[in-house]
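Everything in the sequence shown is counted per UniProt numbering, starting at 1 for the first residue and increasing by one.
Every residue gets a Cβ at the ideal spot worked out from N, C-alpha and C, and that includes glycine.
Here the structure is a predicted model, which is why all the values come from computation and not from measurement.
What follows is a set of notes on a single structure, which appears directly below.
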Amino acid sequence: MTDTTLSSEKQETVKPEGGKEPGFFQVLMTRRSVQVSIFIFLAITLLCLFAPLVAPVNPDAMSVRMRLQGPGTEFWFGSDAFGRDVFSRLLYAGRSSLTIGLSVAILSALLGVAIGLTAGFFSRLDWPFSRLIDAMMAFPDILLALSLVAIFGGTLTNVVIALSIVYAPRVARIVRASTMVVREMPYVEAARALGTRTWRIMITHALRNIVSPILVQATFIFAYAMLAEAGLSFLGIGVDPETPTWGIMVNEGRQYLDTAIYLILFPGIAISLSVLTLQIVGDGLRDALDPHLSKEA
Numbered sequence: 001m002t003d004t005t006l007s008s009e010k011q012e013t014v015k016p017e018g019g020k021e022p023g024f025f026q027v028l029m030t031r032r033s034v035q036v037s038i039f040i041f042l043a044i045t046l047l048c049l050f051a052p053l054v055a056p057v058n059p060d061a062m063s064v065r066m067r068l069q070g071p072g073t074e075f076w077f078g079s080d081a082f083g084r085d086v087f088s089r090l091l092y093a094g095r096s097s098l099t100i101g102l103s104v105a106i107l108s109a110l111l112g113v114a115i116g117l118t119a120g121f122f123s124r125l126d127w128p129f130s131r132l133i134d135a136m137m138a139f140p141d142i143l144l145a146l147s148l149v150a151i152f153g154g155t156l157t158n159v160v161i162a163l164s165i166v167y168a169p170r171v172a173r174i175v176r177a178s179t180m181v182v183r184e185m186p187y188v189e190a191a192r193a194l195g196t197r198t199w200r201i202m203i204t205h206a207l208r209n210i211v212s213p214i215l216v217q218a219t220f221i222f223a224y225a226m227l228a229e230a231g232l233s234f235l236g237i238g239v240d241p242e243t244p245t246w247g248i249m250v251n252e253g254r255q256y257l258d259t260a261i262y263l264i265l266f267p268g269i270a271i272s273l274s275v276l277t278l279q280i281v282g283d284g285l286r287d288a289l290d291p292h293l294s295k296e297a
């Protein structure tokens, strides 16, 4: 055996400092893009969360005399057609947009897990549930969301429910595929032989082993939901205009595109940054939670 082969084998067997494998957060934070994305998204979230303390003025305060003022010292991001401060409205609108995204991610994950586990464990229900998932995913997300919002009505709660129904099949398909693999594992067969109830096996054995893909998919759905809500609001059938969101701000500013482009620019940047950073963080989570990808990293 040559010296080159021996040296390569030694390099492969060298462990990280301290003789321990890198932890989850160490792997997650190895990529600079993930670090920057987490910082930006946390900054946006904190600014919106503490909007009452950060916003310089009341977001609903109107002044016809100060309408359509460009960005400056008095109005950092300018004022809209009613003389309202765009920066203050941007912070308060972000609270609604982030709430919708988080709520859809949680609710769709719960629905998808329930459907996916049931389809994966019970063969009789697998075929109808699988066909239902395929049928829902055959429609473009925005068209299905448009139909559901038109049926339910344009309130914040109804938009969350509609988008959760739209994105739940994404989670259900992943959970079903993972469950069908886990249910054939020896420890699941041993649990069945010991007389463990099916629902307990589903929770303690199956669900615990498929948390990683669910978490990653929920992160992506968070971003998709914010983008879909902005699209619905831009089309005028999303959340009630009395509840400001970034999509509604873009919709209100499009008629002043030639004279006050900042009315669209700033909420558009907020949407883009939030969606982009969530996508990058989701990629980082996938790499950190997947043992094969984390070793390659």
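By the DSSP assignment, the alpha helix (DSSP H) with residue 62 in it spans what residues? Locating residue 62 in the sequence shown gives position 62, where the first residue counts as 1. Note, residue 62: premise wrong, no alpha helix (DSSP H); not H, not E.
Under the three-state reduction of DSSP, which class applies to residue 287: helix, strand or coil? Position 287 of the sequence shown, counted from the first residue, corresponds to residue 287. Looking at residue 287 - three-state DSSP - the assignment turns out to be helix.
Please confirm if the stretch 185-204 is in contact with the stretch 133-149, defined as three or more CB-CB distances below 8 angstroms between the two stretches. Touching, no, given that fewer than three Cβ pairs across the two stretches are closer than 8 angstroms.
With C-beta atoms as the reference, is residue 72 less than 8 angstroms away from residue 270? The residue labelled residue 72 in the question sits at position 72 within the sequence shown. The residue labelled residue 270 in the question sits at position 270 within the sequence shown. By the CB criterion at 8 angstroms, residue 72 and residue 270 fall outside the cutoff.
Report yes if the CB atom of residue 154 is closer than 8 angstroms to the CB atom of residue 240, and no otherwise. Within the sequence shown, residue 154 is the residue found at index 154, counting from 1. Within the sequence shown, residue 240 is the residue found at index 240, counting from 1. Closer than 8 angstroms, so yes.
To which residues does DSSP link residue 85 through a beta bridge? Taking the first residue of the sequence shown as position 1, residue 85 is located at position 85. For residue 85, the pairing in a beta bridge is given by DSSP as 79.
Give me the Cβ distance between residue 216 and residue 285, rounded to the nearest whole Å; I'm assuming they're in contact under 8 angstroms. Here residue 216 corresponds to residue number 216 of the sequence shown, with the count starting at 1. Here residue 285 corresponds to residue number 285 of the sequence shown, with the count starting at 1. Right, the Cβ-Cβ distance comes to about 5 angstroms (below 8 angstroms), so this counts as a contact.
DSSP three-state label for residue 244, please. By one-based count along the sequence shown, residue 244 stands at place 244. Reduced to three states, the DSSP call for residue 244 is coil.
Tell me the rounded alpha-carbon separation between residue 272 and residue 222. Position 272 of the sequence shown, counted from the start, is the residue given in the question as residue 272. Position 222 of the sequence shown, counted from the start, is the residue given in the question as residue 222. So the alpha carbons of these two residues sit roughly 13 angstroms apart.
Given this structure, state the Cα-to-Cα distance separating residue 243 from residue 191, to the nearest angstrom. Residue numbering aside, residue 243 sits at position 243 when the sequence shown is read from its first letter. Residue numbering aside, residue 191 sits at position 191 when the sequence shown is read from its first letter. Cα to Cα, the separation comes out at about 50 angstroms.
So, helix, strand or coil for residue 217, using DSSP? Counting from one through the sequence shown, the residue named residue 217 turns up at place 217. Under the three-state reduction of DSSP output, residue 217 falls in the helix class.
Residue 228 beta carbon less than 8 angstroms from that of residue 142: Along the sequence shown, one-based indexing puts residue 142 at 142. Along the sequence shown, one-based indexing puts residue 228 at 228. Contact flag set, yes.
Buried versus exposed call for residue 195 [16 or more other C-beta atoms within 10 Å across all chains shown]: Stepping through the sequence shown from its first residue, residue 195 is reached at position 195. That one is exposed.
Which residue marks the beginning of the alpha helix (DSSP H) containing residue 45, and which one marks its end? For this step, residue 45 is matched to residue 45 along the sequence shown. Element bounds for residue 45: 32-49.
Within the chosen definition, does the stretch 157-168 reach the stretch 109-119 through at least 3 CB pairs nearer than 8 angstroms? In short, these stretches touch, since the Cβ pair count reaches three.
Under a Cβ-count criterion, where at least 16 other Cβ atoms within 10 Å of its own Cβ denotes burial, should residue 361 be classed as buried or exposed? With the chain running from 1 to 297 in the structure shown, residue 361 is simply not present.
Taking the alpha carbon of residue 173 as the point to measure from, which residue in 128, 159, 187, 152 has its own alpha carbon closest? Taking the first residue of the sequence shown as position 1, residue 173 is located at position 173. Measuring from the Cα of residue 173, the nearest candidate turns out to be 128.
Does the count of Cβ pairs from the stretch 81-98 and the stretch 36-55 closer than 8 angstroms reach three? The stretch 81-98, when compared against the stretch 36-55, does touch it at the 8 angstroms Cβ threshold.
Grouping DSSP H, G and I as helix and E and B as strand, with all else coil, what is residue 282? Residue numbering aside, residue 282 sits at position 282 when the sequence shown is read from its first letter. Correct three-state label for residue 282: helix.
For residue 251 and residue 80, I'd like the C-alpha separation in whole angstroms. Here the question's residue 251 lines up with position 251 in the sequence shown. Here the question's residue 80 lines up with position 80 in the sequence shown. So the alpha carbons of these two residues sit roughly 12 angstroms apart.
Report the rounded CA-to-CA distance for residue 278 versus residue 86, giving the unit in angstroms. Mapped onto the sequence shown, residue 278 falls at position 278. Mapped onto the sequence shown, residue 86 falls at position 86. Looking at the two C-alpha atoms, the distance is approximately 24 angstroms.
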